[in-house]
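Contents: one structure, followed by commentary.
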């Protein structure tokens, strides 16, 4: 639940975005306390000293994610380069991770139109006369630096509009947040199950059943079915930048981790696979790393509205 909304010296006005409850958009209440039940999309209020305004702009573009614990990583074998699906050493062992605070994540990858509107330019490869609906394709050829700058601008914009919850910011998802959201409660190699078919994501090749899927180009976000939490394109379309630095190839810690984020390192984590990758690279646990200044035609990002990290 969001807490600490009233200061010790009296009433303080805050704006709290609750993306899971579209029916409440545009309304305001006088409140003293708020209890958020994310899984059931319910808000309970009482008394009369706090004004709560729910933003419809945030409601439509993001999904509220409740705290919880999930198994991160993969032990799929054999641990070598034998398709279709296997776990690299740095995806092992499967270990429990707790996400301790609620956060919101974009329903889809940031589009070219969204990026253009906020930043004022569009670096994407997939645009122009050959891509008539490019505005709704994911933005790509953005560096990690570009993606984090976008989040800073979005935070400032939403704060100025009075739509930013206290102690929250727009930022890239941590690697753990990303996998938690991709899995959406599943423990299989994909949120769809044990295999990824051509018709389920924008990928170049499926090992089930050994079929070429499409030309290696992006497509409109949300073109495939979402996962159980309503998130689109967690597998394929474009790789997505994460907030974390790459932690090397030594593998995960075996013990329970709470809100982990690797803050130091020269290379950054990317997740999710892309239109130019095979299905094994799109697994929920699959991890890749690259330099923060690199640009690729199949690399974009999505944003999180989450707690400010230390």
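In the numbering used here, the protein residues as written are 19 to 328. Backbone N, C-alpha and C define an ideal beta-carbon position, used for all residues, glycine too. Since this is a predicted model, take the numbers as computed values, not measurements.
query: With residue 216 and residue 229 assumed to form a contact (beta carbons below 8 Å), what rounded beta-carbon distance in angstroms separates them?
result: Counting from one through the chain shown, the residue named residue 216 turns up at place 198. Counting from one through the chain shown, the residue named residue 229 turns up at place 211. Contact flag correct, Cβ pair sits at about 6 Å.
- request: Take residue 200 and list the residues in its own chain whose beta-carbon comes closer than 8 Å to its own, dropping the five residues that flank it on each side.
  value: Looking up residue 200 in the chain shown gives position 182. Excluding residues within five positions, the ones whose Cβ falls inside 8 Å are 209, 245, 249, 252, 253, 289, 290, 302.
message: Taking 8 Å as the limit between beta carbons, can you name the residues of its chain near residue 272, skipping five residues before and five after?
response: Here residue 272 refers to the residue found at position 254 of the chain shown. Excluding positions up to five away in sequence, the list reads 111, 113.
message: Quick check on the burial criterion: 16 or more other C-beta atoms within 10 angstroms. Buried or exposed for residue 295?
response: Against the chain shown, residue 295 aligns to sequence position 277. Counting Cβ neighbours within 10 Å, residue 295 comes out buried, since at least 16 surround it.
- prompt: Do three or more CB pairs link the region 77-84 to the region 231-243 at distances below 8 Å?
  reply: no
Beta-carbon proximity check, residue 202 vs residue 278, cutoff 8 Å: Your numbering for residue 202 matches position 184 in the chain shown. Your numbering for residue 278 matches position 260 in the chain shown. In this structure, residue 278 does not lie closer than 8 Å to residue 202 by Cβ.
message: If I follow the unbroken beta strand (DSSP E) through residue 115, where does it start and stop?
response: By 1-based counting over the chain shown, the position of residue 115 is 97. From DSSP, the beta strand (DSSP E) with residue 115 extends over 113-117.
- prompt: By how many angstroms is the C-alpha of residue 184 removed from the C-alpha of residue 87?
  reply: On the chain shown, position 69 is the one that residue 87 refers to. On the chain shown, position 166 is the one that residue 184 refers to. Cα to Cα, the separation comes out at about 24 Å.
- request: Can you check the region 131-158 for any alpha helix (DSSP H) of at least 4 residues that lies completely inside it and give the ranges in chain order?
  value: none
message: Tell me the residue span of the alpha helix (DSSP H) that contains residue 172.
response: As a first step, residue 172 is located in the chain shown; it is residue number 154 there, counting from the start. It spans 162-178 - the alpha helix (DSSP H) in which residue 172 sits, taken as one unbroken run.
query: Residue range of the alpha helix (DSSP H) that residue 199 falls in?
result: Within the chain shown, residue 199 is the residue found at index 181, counting from 1. Residue 199 -> alpha helix (DSSP H) spans 193-201.
message: Helix, strand or coil, according to DSSP, for residue 275 in the structure here?
response: To locate residue 275, count along the chain shown from 1; it is residue 257. In this structure, residue 275 counts as strand in the three-state DSSP scheme.
- prompt: When you compare only the Cα positions, how much space is there between residue 238 and residue 148?
  reply: One-based indexing of the chain shown puts residue 238 at position 220. One-based indexing of the chain shown puts residue 148 at position 130. Going from the Cα of residue 238 to the Cα of residue 148 covers about 14 Å.
message: Looking at residue 321: is its Cβ nearer than 8 Å to the Cβ of residue 138?
response: To locate residue 321, count along the chain shown from 1; it is residue 303. To locate residue 138, count along the chain shown from 1; it is residue 120. Cβ distance not < 8 Å, so residue 321 and residue 138 don't count as in contact.
Per-residue burial, residue 324 [other beta carbons within 10 Å of its own, 16 or more giving buried]: For the purposes of this step, residue 324 is taken as the residue at position 306 of the chain shown. When all chains shown are included, residue 324 counts as buried.
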